[in-house]
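Under the numbering used here, think of the first position of the sequence shown as 3, with each following residue one higher.
Cβ coordinates follow ideal geometry from the N, Cα and C atoms, glycine included.
Since we're looking at a predicted model, the values are computed, not measured.
Read through the structure below, which is laid out as structure tokens, and then see the notes.
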Amino acid sequence: MGDPVYAAVDLGGTKIIIMTVDRERSVKERVEFSTPPARAPALMLREIKDYIELLLGKQGKLQLASIGICCAGFVNKEGHVISSPNIPALHNFPLKIETEGMFSVPVIVENDANAAAYGEYRFGAGRGSANMLFITVSTGVGCGIILEHKIYRGSGGFAGELGHFQVAEDQTPCACGNRGCLEKLSSGEAIAWRASQEYAQQMDTADVFQAFRKGEPESKLVIDRAVDCLARGIANALNLLNPEKVIIGGGVSNEEECFIAPLMECLHKYTIAPALKMVEVCKGELGADAGVWGMFALMEESFS
Numbered sequence: 003m004g005d006p007v008y009a010a011v012d013l014g015g016t017k018i019i020i021m022t023v024d025r026e027r028s029v030k031e032r033v034e035f036s037t038p039p040a041r042a043p044a045l046m047l048r049e050i051k052d053y054i055e056l057l058l059g060k061q062g063k064l065q066l067a068s069i070g071i072c073c074a075g076f077v078n079k080e081g082h083v084i085s086s087p088n089i090p091a092l093h094n095f096p097l098k099i100e101t102e103g104m105f106s107v108p109v110i111v112e113n114d115a116n117a118a119a120y121g122e123y124r125f126g127a128g129r130g131s132a133n134m135l136f137i138t139v140s141t142g143v144g145c146g147i148i149l150e151h152k153i154y155r156g157s158g159g160f161a162g163e164l165g166h167f168q169v170a171e172d173q174t175p176c177a178c179g180n181r182g183c184l185e186k187l188s189s190g191e192a193i194a195w196r197a198s199q200e201y202a203q204q205m206d207t208a209d210v211f212q213a214f215r216k217g218e219p220e221s222k223l224v225i226d227r228a229v230d231c232l233a234r235g236i237a238n239a240l241n242l243l244n245p246e247k248v249i250i251g252g253g254v255s256n257e258e259e260c261f262i263a264p265l266m267e268c269l270h271k272y273t274i275a276p277a278l279k280m281v282e283v284c285k286g287e288l289g290a291d292a293g294v295w296g297m298f299a300l301m302e303e304s305f306s
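Printed below as a string of structure tokens:
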């Protein structure tokens with residue numbers, strides 16, 4: 003028997019991150035690769051298994067103790083993915099059961115925003131906060147909620163779906179089945195899509211922010227609307243939950259001057275003064291690894 007390690011997996015709409023961590027919280031190996039498009043879940047799990055075995059083999063004499071997987075989408079308390087708008091292949095998929103069957107070790111499955119929230123709460127910008135929100139703006143828009151030092155999942159496990167708030171009159175269809183969801187107005191994917199319409203050419207998110215910095219009015223229109231809609235959604239969450247800290251993560255959070263600073267200004271328009279006065283809004287400290295660190299923390303608490 004080798005030294006026990008945990009394998010934490012962040013299964014996102016754009017990329018997959020796998021990290022192996024030992025009981026001393028030392029990262030043994032880490033790998034990041036693109037999420038395979040439209041692959042059957044079994045094939046996706048097989049690819050993850052191959053990578054985990056590769057990472058374990060690099061170190062030698064390591065024994066896989068457990069696996070924690072976070073993924074985008076609606077995940078119930080039994081680790082079953084009810085639906086995943088950004089990873090359609092996982093629709094109605096028993097991820098926990100299938101992963102346990104493939105690896106023969108204990109498995110925890112969690113929503114990706116919840117995992118990232120817990121990672122920042124335990125090891126990042128949320129340390130010491132009893133009540134906080136982690137809001138991720140990347141392929142989609144997600145929200146993890148920490149209430150009284152615990153992940154708040156709701157009755158079925160679906161709490162925190164900020165990306166499906168209705169914040170504006172908009173008929174853009176969302177993969178969840180509704181129209182006008184915040185995710186279709188403020189996510190990185192939405193920003194790129196709307197800019198492509200304005201410019202009548204294909205744009206990615208980086209192109210849009212670059213155009214914004216050059217002062218191009220088309221990109222300013224798109225980003226200003228994305229910021230305003232996101233501020234409305236966050237303000238609703240602040241007014242409802244009254245957290246002491248809001249942490250912004252995801253790829254779009256790196257655009258501090260173009261996106262985060264204007265977001266702070268917009269929050270003043272929509273949030274009640276007492277809730278805004280006592281909340282600190284900041285950028286996450288763990289970056290893209292917030293989710294895998296959150297899964298490690300959950301495994302550490304459950305299996306150590």
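Close beta carbons around residue i, own chain, < 6 Å, minus the five adjacent residues each side
i: Phe76; result: Ile84, Ser85 and Phe160
i: Lys321; result: Since the first residue shown for the chain is 3 and the last is 306, residue 321 is missing from the structure and cannot be characterised.
i: Ala10; result: Met21, Gly70, Val294, Met297 and Phe298
i: Ile274; result: Asn241
i: Ser140; result: Gly190, Gly252 and Gly253
i: Glu309; result: The displayed coordinates of the chain run from 3 to 306. Any statement about residue 309 would go beyond what the structure contains.
For residue j and residue i, the rounded distance between their alpha carbons
i: Ser189; j: Gly15; result: 12 Å
i: Lys30; j: Ser221; result: 42 Å
i: Gly130; j: Phe298; result: 18 Å
i: Cys279; j: Glu122; result: Just to set this straight, residue 279 is Lys in the shown sequence, not Cys. Each residue's Cα considered, the two are about 22 Å apart.
i: Pro264; j: Val229; result: 7 Å
i: Gln65; j: Leu269; result: 48 Å
i: Glu55; j: Ser306; result: 22 Å
i: Val283; j: Met266; result: 8 Å
i: Phe125; j: Pro87; result: 29 Å
i: Glu302; j: Met134; result: 21 Å
i: Leu243; j: Gln203; result: 41 Å
i: Val281; j: Asp24; result: 35 Å
i: Met205; j: Lys216; result: 15 Å
i: Leu13; j: Asn113; result: 10 Å
i: Glu102; j: Phe95; result: 13 Å
i: Gly142; j: Leu300; result: 24 Å
i: Phe214; j: Asp226; result: 10 Å
i: Glu26; j: Tyr8; result: 11 Å
i: Val248; j: Tyr272; result: 15 Å
i: Ala290; j: Leu184; result: 22 Å
i: Gln168; j: Gly158; result: 21 Å
i: Leu97; j: Ala277; result: 38 Å
Contacting residues, own chain, Cβ-Cβ under 7 Å from residue i (five flanking each side not counted)
i: Val224; result: Ile193, Arg196, Ala197, Glu200 and Val210
i: Ile118; result: The question names Ile, but residue 118 is Ala in the sequence shown. Once the five neighbours on either side are set aside, the close Cβ partners of Ala118 are Phe136, Thr138, Gly146, Gly251, Ala292, Gly293 and Gly296.
i: Lys63; result: Gly4 and Asp5
i: Phe35; result: Lys17 and Ile18
i: Ser304; result: Ile110
i: Ala170; result: Gly182, Leu187 and Cys231
i: Tyr53; result: Ile20 and Val33
i: Ala115; result: Phe136, Thr138, Gly144, Cys145, Gly146 and Gly162
Residue i: first and last residue of the uninterrupted alpha helix (DSSP H) it sits in
i: Asp52; result: Pro43 to Gln61
i: Ala9; result: Segment Asp5 to Leu13 is the beta strand (DSSP E) holding Ala9; no alpha helix (DSSP H) there.
i: Lys279; result: Ala275 to Lys279
i: Ala67; result: Here Ala67 belongs to no alpha helix (DSSP H); instead the beta strand (DSSP E) covers Leu64 to Cys73.
i: Leu300; result: Ala292 to Phe305
i: Met134; result: First-last for Met134: Met134 to Val139, but that is the beta strand (DSSP E), not the alpha helix (DSSP H).
i: Asn116; result: Asp114 to Phe125
i: Gln185; result: One detail in the question is off: residue 185 reads as Glu in this sequence, not Gln. Where Glu185 is concerned, the enclosing alpha helix (DSSP H) stretches over Glu185 to Ser188.
i: Glu100; result: Leu97 to Phe105
i: Phe313; result: Because the chain here runs from 3 to 306, residue 313 falls outside it and cannot be looked at.
i: Glu267; result: Ala263 to Tyr272
From the options, residue whose alpha carbon lies closest to that of residue i
i: Leu1; options: Glu220, Met46 and Gly253; result: What the structure shows of the chain is the stretch from 3 to 306, and residue 1 is not part of that stretch, so it cannot be assessed.
i: His93; options: Ala10, Gly81 and Glu102; result: Gly81
i: Gly59; options: Lys79, Leu47 and Thr22; result: Thr22
i: Ala318; options: Thr273, Ala213, Gly158 and Pro108; result: Any question about residue 318 goes unanswered here, given that the chain covers just 3 to 306.
i: Pro43; options: Lys152, Glu100 and Ser157; result: Glu100
i: Gly156; options: Tyr8, Lys79 and Ser28; result: Lys79
i: Cys260; options: Tyr120, Glu218 and Gln61; result: Glu218
i: His151; options: Tyr120, Ala277 and Met104; result: Tyr120
i: Phe105; options: Lys51, Thr207 and Ala208; result: Lys51
Residue i beta carbon near the ligand NAD (any heavy atom closer than 6 Å)
i: Lys30; result: This structure lacks the ligand NAD, and indeed carries no ligand of any kind.
Contacting residues, own chain, Cβ-Cβ under 8 Å from residue i (five flanking each side not counted)
i: Tyr154; result: Ile147, Ile148, Ala161 and Gly162
i: Ala40; result: Pro90 and Ala91
i: Ile262; result: Ile250, Ser255 and Lys285
i: Pro38; result: Leu45, Met46 and Glu49
i: Glu246; result: Ser131, Ala132, Asn133, Met134, Met280, Val281 and Glu282
Enclosing beta strand (DSSP E) for residue i [first to last residue]
i: Leu92; result: Careful: Leu92 lies outside any beta strand (DSSP E) and carries neither H nor E.
i: Lys247; result: Lys247 to Gly251
i: Cys284; result: Glu282 to Lys285
i: Asn241; result: It is not in any beta strand (DSSP E) - Asn241 instead sits in the alpha helix (DSSP H) that spans Pro219 to Leu243.
i: Met21; result: Lys17 to Asp24
i: Leu149; result: Val143 to Leu149
i: Arg181; result: It is not in any beta strand (DSSP E) - Arg181 carries neither H nor E in the DSSP assignment.
is_contact[residue i, chain C] using C-beta, thresh 7 Å
i: Glu80; result: Among the chains in the structure shown there is no chain C, since it carries only a single protein chain.
query: Is the number of C-beta pairs between the segment 153-169 and the segment 227-237 that are closer than 8 Å three or more?
result: yes
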